[in-house]
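Student:
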Amino acid sequence: MPYILSCSNRRIMQYKSSYYSFYLPVACALLLLGENPDDYAQMKDILVEMGIYYQIQNDYLDTFGDHNTVGKIGTDIEERKCSWLVAKALELASEEQKQILYENYGKKDQACVAKVKELYHTLNLQGVYEEYEKKTHEEFMKLIESHPSNVVQAVLKTFMGKIYKRQK
């Protein structure tokens, strides 16, 4: 059966990383300070988007990151994970290239993994990711700098500084 990626990919990323790693720690801090997190909707939206960006980075680093720096050897392809890379590959691939994915994605065979990685290189997914990262960073910085609170800006810039162009 062909690998089918549903529209829920974004939702998976949102709930996998965004809330527990980005929004909820800040919401807890706001509660501890006696603030109502609902009064910070714009900040919540930015943090949720940062979490999605972070998960896309994870997906990218799983395949293209240096395993000595990342600290693990990526297995998303073998494990048939619903990653940003396979979603983007399906978006960009011709029917012939999609067939390569269908035949090789999710198989614990290094020859199959190599074919998927070769297709990722053919589709220039590294370049696509680099463009996504640059554009996303620019958009985040505009959103952050437009926030009326300097304290919120500082918090969001700290988060962005920790994740932008990370290698592990």
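Just add 7 to wherever you are in the sequence shown, counting from 1, and you've got the working numbering.
C-beta: ideal position from N, C-alpha, C; glycine also.
(1) In angstroms, rounded to a whole number, what distance separates the CA positions of A94 and N16?
(2) Is D69 buried or exposed, if buried means 16 or more other CB atoms sit within 10 Å of its CB?
(3) Cα separation between P155 and M20?
(4) Which one of C119, H74, V135 and K122 has the shortest CA to CA distance from W91?
(5) Could you pull out every unbroken alpha helix (DSSP H) segment of at least 4 residues lying fully inside the region 85-121, listed in chain order?
(6) Is the region 26-33 in contact with the region 49-60, if contact means three or more CB pairs nearer than 8 Å?
(7) Under 9 Å, do L99 and V123 count as touching if we go by C-beta distance?
(8) What's the call for Q64, buried or exposed, on a 16-neighbour Cβ count within 10 Å?
(9) Just the Cα atoms here: how many angstroms apart are R18 and I53?
(10) Straight-line CA distance for E137 to K172?
(11) Taking only three categories from DSSP, how would you classify D45?
Tutor: With the structure as the only source:
(1) Residue numbering aside, residue 94 sits at position 87 when the sequence shown is read from its first letter. Residue numbering aside, residue 16 sits at position 9 when the sequence shown is read from its first letter. The alpha-carbon separation between A94 and N16 amounts to approximately 8 Å.
(2) Within the sequence shown, numbered from 1, the residue matching residue 69 stands at position 62. Per the 10 Å Cβ criterion, buried.
(3) Here residue 155 refers to the residue found at position 148 when the sequence shown is read from its first residue. Here residue 20 refers to the residue found at position 13 when the sequence shown is read from its first residue. Taking the straight line joining both Cα atoms gives about 28 Å.
(4) Counting from 1 along the sequence shown, the entry for residue 91 is found at position 84. Ranking the options by Cα distance to W91, first place goes to V135.
(5) 91-99 and 102-111
(6) Cβ pair count under 8 Å is three or more, so yes.
(7) On the sequence shown, residue 99 is found 92 positions in, with the first residue counted as 1. On the sequence shown, residue 123 is found 116 positions in, with the first residue counted as 1. Taking a C-beta distance under 9 Å as the contact criterion, L99 and V123 do not qualify as a contact pair.
(8) For the purposes of this step, residue 64 is taken as residue 57 along the sequence shown, with counting starting at 1. Q64 is buried by the Cβ-count criterion.
(9) Walking along the sequence shown from the start, residue 18 turns up at place 11. Walking along the sequence shown from the start, residue 53 turns up at place 46. One C-alpha to the other measures close to 15 Å.
(10) As a first step, residue 137 must be located in the sequence shown, where it is residue number 130. As a first step, residue 172 must be located in the sequence shown, where it is residue number 165. Going by the C-alpha atoms only, they are around 9 Å apart.
(11) As a working note, residue 45 is residue 38 in the sequence shown. D45: helix per DSSP, three-state reduction.
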